[in-house]
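Asker: Numbering (the numbering used here), first residue to last: 20 to 545.
This is the structure:
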């Protein structure tokens, strides 16, 4: 018998008997109504399409700025910034640990100077920007606000999202800096800062995508993501915030795989579970606090370097799954990303894939096309049951942080990843072009290559910055930041002043490391 990615049996035929005792009105509701199984808005895409938010960033800020302008000119409706690994880890480009990684997997941003160049000529009051950054998320958000203020734009006018989800870094991705306790404090401080200074900004994008890339099943992806979200809500409540003050700005980030039916069911189940958790556990009353709003990215882990043009088909199917599942925004991967950074042409093709779905298919003309499908409704129920069971296991361990420290989520994901690898190697899981229908010789492909001189140029720019700025002002601002970190003050206010004085990302993170320390993972007991 075939099984879903989560291990749930797939029946050859579904019918009314598979939904025995099923009350459509109770299980589904109407689009835009609790429990939001059918979508968080009554009209969904019939009013306007999802946001086409293409993820991009490489090399220098100037190179990435050129790519952003191309995406906007090509019809993109939102920007999504990829940062290089040193920036993600809170290191400057001239740090010894940054050597060889500057500008490779995203754009290098060392200071407000780089952020200014990154968004040169882009009106920040008219574009929605998502930033994929976690441990140093608060820093990059403040740099963005500083550049907006230079354009005469207030924080109240800015719209976008900062990922800011450090818990999943401990589980699946590894770009953490501080221990969980201080990291959650920084997250709560960001919630409080944005409530006061940037009320339209989404303060966190709680991510299952990276867990899926590490090997999580759809059920694990949703369960561990929602368990992390529960931990963030509890942290904010403990910091004195009321749930309906911050919950409407929470957002989520999921993957879309090629297993279209299960993915549609996954998104529907996730909305339903989250609505009930927020209402029943946390007493949220604002409907926006109950809505699971999410961004989707097509599955990079399913792309292949072999016969890369096949990835165009994979991405189209994955994007369709996200749209049928009711995503709020979508990034479609480029077909050549299993080889290198996408070229300008491949990035344009990825955007065109979304535009074909939005303008040439009939999918956007009706809300929740799969509602009432025997197969999808049964899969939605089955996934909900499996997700809730995993969430209960996390709770039994003391919550997401305690489970992370015990290595539970990481161990579960690694076991699933090993299962997938075994099935692929044995041929039980077919990957077209890899273990079936392969070519004897691959056609040559010329990828985009990052200029190796970028690191030297970034280092030279940092040397100039340190020579030009007021060193005493920077030292004073960093001292104020350390004092705030050691106490209970919201650290984003002194952090902003340090960045305004042209302190670098590495210096600000270094000041916090002095107070909070760094995280060293324990061996998993699972």
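We put the CB at the ideal spot given by N, CA and C, even for glycine. Fair warning: this is a prediction, and the values are worked out from it, not measured in the lab.
(1) Would the beta-carbon of residue 137 fall within 9 Å of that of residue 128?
(2) In the structure shown, what three-state DSSP assignment does residue 520 receive?
(3) Of the residues 398, 345 and 232, which one's Cα is nearest the Cα of residue 606?
(4) Measuring only the C-alpha atoms, how far is residue 389 from residue 506?
(5) Going by Cα to Cα distance, which pick from 412, 354 and 364 is closest to residue 324?
(6) Rounded to the nearest angstrom, what separates residue 478 and residue 210 at their Cα positions?
(7) Just list the residues that DSSP pairs residue 183 with in beta bridges.
(8) Does residue 235 come out as helix, strand or coil in the three-state DSSP assignment?
(9) Measuring alpha carbon to alpha carbon, tell me which residue in 428, 74 and 533 is nearest residue 101.
(10) Excluding the 5 residues preceding and the 5 following residue 403 in the sequence, name in chain order all residues of the same chain whose CB lies nearer than 7 Å to its CB.
(11) Verify whether the separation of the beta carbon atoms of residue 207 and residue 134 is less than 9 Å.
(12) Counting along the chain, where does the alpha helix (DSSP H) carrying residue 87 start and finish?
(13) Using DSSP with H/G/I as helix, E/B as strand and the rest coil, what is residue 220?
(14) So the candidates are 190, 264 and 242; which of them puts its Cα closest to the Cα of residue 229?
(15) Quick one: give me the first and last residue of the alpha helix (DSSP H) that residue 365 is part of.
(16) If we call anything under 9 Å between Cβ atoms a contact, is residue 530 one with residue 395?
(17) Nearest CA to the CA of residue 181: which residue from 199, 194, 154 and 169?
(18) Name the DSSP beta bridge partners of residue 64, please?
(19) Which same chain residues end up closer than 8 Å to residue 513 when comparing Cβ atoms and leaving out the 5 residues on each side of it in sequence?
(20) With a 10 Å radius around its C-beta and 16 neighbouring C-beta atoms as the bar for buried, classify residue 415 as buried or exposed.
(21) Residue 74 lies in the beta strand (DSSP E); which residues open and close that run?
(22) Going by C-alpha to C-alpha distance, which of 234, 215, 426 and 243 sits closest to residue 226?
(23) In angstroms with no decimal places, state the Cα-to-Cα distance between residue 424 and residue 401.
(24) Provide the residue span of the alpha helix (DSSP H) that contains residue 427, from first to last.
(25) Return the CA-CA distance between residue 224 and residue 236, expressed in angstroms with no decimal places.
(26) Taking the alpha carbon of residue 335 as the point to measure from, which residue in 316, 347 and 326 has its own alpha carbon closest?
(27) Can you tell me the Cα-Cα spacing of residue 275 and residue 282, whole angstroms?
(28) Drop a sphere of 10 angstroms on the beta-carbon of residue 188, count the other beta-carbons inside from all chains shown, and report buried for 16 or more, exposed for fewer.
(29) Could you tell me if residue 299 is buried or exposed, where buried requires 16 or more neighbouring beta carbons within 10 angstroms of its beta carbon?
(30) At a cut of 8 Å, does the segment 55–64 reach the segment 463–470 through at least three beta carbon pairs?
(31) Straight-line CA distance for residue 51 to residue 222?
(32) Threshold first: 3 residues or longer. Then list the beta strand (DSSP E) segments lying entirely within the segment 312–359, N to C.
(33) Pop quiz: residue 296 and residue 245 are said to be a contact at Cβ under 8 Å. What is the actual Cβ separation, rounded to whole angstroms?
(34) So residue 265 is in the alpha helix (DSSP H); what residue range does that whole segment cover?
(35) Check whether the segment 143–162 and the segment 62–76 are in contact - that is, three or more C-beta pairs closer than 8 Å.
(36) Alpha carbon to alpha carbon, how far is residue 220 from residue 161?
Answerer: Short version:
(1) For residue 137 and residue 128, yes; Cβs fall inside 9 Å.
(2) Per DSSP, reduced to three states, the secondary structure at residue 520 is coil, with no helix or strand assignment.
(3) In the structure as shown, the chain begins at 20 and stops at 545. Residue 606 is therefore absent and cannot be evaluated.
(4) Going by the C-alpha atoms only, they are around 52 Å apart.
(5) If we check each option's Cα against that of residue 324, 354 comes out closest.
(6) Spanning the two alpha carbons is a distance of roughly 33 Å.
(7) Under DSSP, residue 183 shares a beta bridge with no residue.
(8) The DSSP-derived three-state label of residue 235 is coil.
(9) Restricting attention to 428, 74 and 533, the CA atom closest to the CA of residue 101 is found in 74.
(10) Excluding sequence neighbours, residue 403 sits near 288, 291 and 292.
(11) Not a contact, by the Cβ cut-off of 9 Å.
(12) Going by DSSP, residue 87 is part of the alpha helix (DSSP H) stretching over 80–92.
(13) The answer is strand: DSSP assigns residue 220 an E or B state.
(14) For residue 229, the closest of 190, 264 and 242 by C-alpha to C-alpha distance is 190.
(15) Residues 363–379.
(16) Cβ distance not < 9 Å, so residue 530 and residue 395 don't count as in contact.
(17) Distance from the Cα of residue 181 is smallest, within the candidate group 199, 194, 154 and 169, for 154.
(18) Beta-bridge pairing links residue 64 to no other residue.
(19) Here the set comprises 496, 499, 500, 502 and 503.
(20) Counting the other Cβ atoms within 10 Å of the Cβ of residue 415 gives fewer than 16, which makes it exposed.
(21) Annotation for residue 74: the continuous beta strand (DSSP E) segment containing it runs 70–75.
(22) Per the Cα distances, 243.
(23) Taking the straight line from one Cα to the other gives about 29 Å.
(24) For residue 427, the enclosing alpha helix (DSSP H) stretches over residues 427–445.
(25) Those two C-alpha atoms are separated by around 19 Å.
(26) The shortest C-alpha separation from residue 335 is found at 316.
(27) Cα to Cα, residue 275 sits roughly 6 Å from residue 282.
(28) Burial call: buried.
(29) Result: exposed.
(30) By the C-beta criterion, the segment 55–64 is judged not to be in contact with the segment 463–470, since fewer than 3 inter-stretch pairs fall below 8 Å.
(31) Just so you know, the alpha carbons of residue 51 and residue 222 end up roughly 23 Å apart.
(32) Fully contained in the segment 312–359 are the following beta strand (DSSP E) runs of length 3 or more, in chain order: 313–317 and 348–350.
(33) Yes, they are in contact, since the Cβ atoms of residue 296 and residue 245 sit about 7 Å apart, within 8 Å.
(34) Note, residue 265: alpha helix (DSSP H), 262–265.
(35) Yes: the two stretches touch, three or more of their Cβ pairs being nearer than 8 Å.
(36) One alpha carbon belongs to residue 220, the other to residue 161, and they sit about 12 Å apart.
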